[in-house]
Structures are given as structure tokens and as C-alpha cells.
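Below is one structure; the comments refer to it alone.
In this note's numbering, the protein residues as written are 339 to 571.
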């Protein structure tokens, strides 16, 4: 599984970016400062860097230069809420391959990650994915098995209602409503490691009113609801 270094000091933004990146699937290391990012880069080898332009103890461009000086060669994406053209130019000159403007939609972020993450450039088939990816869920939830089990239990309770709302919105031609529900569902799949279902959700995000995509999603939901989630597989 590819490993991503996410550098973001805001807890809400970090949780969101981590959820989306983990659903690729990938393993995500989160750092809240330049110092934490450097320590994490020393401990692990990363395939992609996702760095905030402004950090509490420095700037994203300066951090990238420090990482490059330590031999880190992974492509780097900058993310920022600032809209100044000059800042974007500055970040590109610092070595970032792309500058992402926050707030970021799921589809925009996923496409950017897939563009620059070699292991994620080819969309995996369902046959390549486990129903329940324990490693991905444990990575997101700090390696705590009890947390994974608790969230999967809640996920299973909520899933029938989510399927019902998606189905109704699709039948009503409400593309916005479908996308809203899919957005929430794909994030949940990333948290609990529901890899196959997450892939179906991402496929339907591209064509939210397509009846075949809906049928495929419903089948994937049924598969999850009848699975023995606690034991993985």
C-alpha cells in the first residue's frame, strides 16, 4: 500500500484529507508541524507528500526544501486556502508539482492524488480489493483494534439508511443529493476499511444518476451487510 505524508496543522482539515487519501487506498502519516514532518520522513519512506503552505513553525516551501536536502524525492503537492496567484507561483518554484486550493472536494483531491501517486494511477478492480481492509482501517485509527470494531459497528448500523437515501435521491433525479450522500459514505468507507464498497461509491460519484451504477452500489452494500466484518476479509 502506498504511503503518503500529510502535513496539516488544522485538526478538521487533517482528518478530512486523511480520510480521502486513505480511501485510495493508501497509508497516511499525519504531521501537524515542520518538526513532526521531518521526524516522520526520517522514520518512513513516502510515495507522495501533501503539505500545507502555512504551518505553525514554518512554510511549506521551506519544509519541502528541507525534505529534499534529506534525500526525499517523492512528488509533493501543496494545499492552501490562500488565493493569491503569487503564492501559487512561489510554491511551484519551491518544487511542488501542483498547488491545491482549499476547500477541496473529494473528487478533486482524489484525482490530484491519483495523478501523482504511481501506485494509485491505475484504478484497482474490485477483485483486487478486500471487502474489509484491516490494515487501512488500523492505519487511520492509530492501530487501535477496538476503535476499528466500534466504528465498523456504527458503520453497519448507518449503512442501510444511507443506501435508502441514495436510492431515493437517484430515483428523484437529485444529483446533488446523491453526491452529498456518496461524499459522506466514501469518507466512512475510508475510516472503516470498506475497500470494495468504497470503490463502488467512487465509481458512482462519476455518474450519480446512472441506474447501473446504483444497482452495483446496492449490491456492494448488500455484500458488506452480510459479511463477517470483525474478522476481516
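Think of the CB as a built atom: it goes at the ideal place given N, C-alpha and C, for glycine as much as any other residue.
Since this is a predicted model, take the numbers as computed values, not measurements.
Practice item. With DSSP as the reference, label residue 454 as helix, strand or coil. Key: Taking the first residue of the chain shown as position 1, residue 454 is located at position 116. If DSSP states are grouped into helix, strand and coil, residue 454 belongs with the helices.
Check your understanding: Terminal residues of the continuous alpha helix (DSSP H) containing residue 501?
Key -> If you number the chain shown from 1, residue 501 lands on position 163. Residue 501 -> alpha helix (DSSP H) spans 483 to 509.
**Study point:** Whole-angstrom distance between residue 343 and residue 416, CA atom to CA atom
**Key:** In the chain shown, the residue the question calls residue 416 occupies position 78. In the chain shown, the residue the question calls residue 343 occupies position 5. Rounded to the nearest angstrom, the two C-alpha atoms are 12 Å apart.
Review point. Relative to the alpha-carbon of residue 345, which residue among 444, 357 and 374 has its alpha-carbon at the smallest distance?
Key: Within the chain shown, numbered from 1, the residue matching residue 345 stands at position 7. Put simply, of 444, 357 and 374 the residue whose alpha carbon is nearest the alpha carbon of residue 345 is 374.
**Study point:** Enclosing alpha helix (DSSP H) for residue 331 [first to last residue]
**Key:** The chain is shown only over 339 to 571; residue 331 falls outside these bounds and no answer can be derived.
Review point. Is it true that the CB of residue 405 sits closer than 9 Å to the CB of residue 379?
Key: Within the chain shown, residue 379 is the residue found at index 41, counting from 1. Within the chain shown, residue 405 is the residue found at index 67, counting from 1. Yes, these two residues count as a Cβ contact at 9 Å.
Practice item. Along the alpha helix (DSSP H) that carries residue 377, what are the first and last residues, could you check? Key: Here residue 377 refers to the residue found at position 39 when the chain shown is read from its first residue. Looking at the DSSP string, the run of the alpha helix (DSSP H) that includes residue 377 is 372 to 381.
Practice item. Would you mind reading off the limits of the beta strand (DSSP E) that contains residue 436? Key: For the purposes of this step, residue 436 is taken as residue 98 along the chain shown, with counting starting at 1. Counted as a single uninterrupted DSSP element, the beta strand (DSSP E) harbouring residue 436 occupies residues 436 to 439.
Point to revise | Beta-carbon proximity list for residue 479, same chain, < 8 Å, skipping 5 on both sides | key: Taking the chain shown and counting its residues from 1, one reaches residue 479 at position 141. Within its own chain, the residues whose Cβ lies closer than 8 Å to the Cβ of residue 479, once the five positions on either side in sequence are excluded, are 485, 486, 489 and 529, listed in chain order.
Exercise for review: Within the same chain, show all residues whose beta-carbon is closer than 6 Å to that of residue 366, passing over the 5 residues directly before and after it, in chain order.
Suggested key: Counting from one through the chain shown, the residue named residue 366 turns up at place 28. These residues qualify, in order along the chain: 342, 344, 356, 359 and 360.
Review point. Below 9 Å between beta carbons: does that hold for residue 386 and residue 455?
Key: Counted from its first residue, the chain shown places residue 386 at position 48. Counted from its first residue, the chain shown places residue 455 at position 117. For the pair residue 386 and residue 455, the CB atoms are nearer than the 9 Å cut-off.
Exercise for review: Let me know if residue 502 comes out buried or exposed under the rule of 16 or more other beta-carbons within 10 Å of its beta-carbon.
Suggested key: Start at 1 with the first residue of the chain shown, and residue 502 comes out as number 164. Per the 10 Å Cβ criterion, exposed.
Exercise for review: State buried or exposed for residue 451, treating a residue as buried only when at least 16 other CB atoms are found within 10 Å of its CB.
Suggested key: The sequence position of residue 451 within the chain shown is 113, counting from 1. The residue in question, residue 451, is buried, as its Cβ has 16 or more Cβ neighbours within 10 Å.
Exercise for review: Taking all protein chains shown into account, decide if residue 496 is buried (16 or more other Cβ within 10 angstroms of its Cβ) or exposed.
Suggested key: To locate residue 496, count along the chain shown from 1; it is residue 158. Flag for residue 496 reads exposed.
Exercise for review: List the whole-angstrom C-beta distance separating residue 371 from residue 348, where the pair is believed to meet the contact cut-off of C-beta under 8 Å.
Suggested key: By one-based count along the chain shown, residue 371 stands at place 33. By one-based count along the chain shown, residue 348 stands at place 10. The pair is not a contact, with the Cβ atoms about 12 Å apart (cut-off 8 Å).
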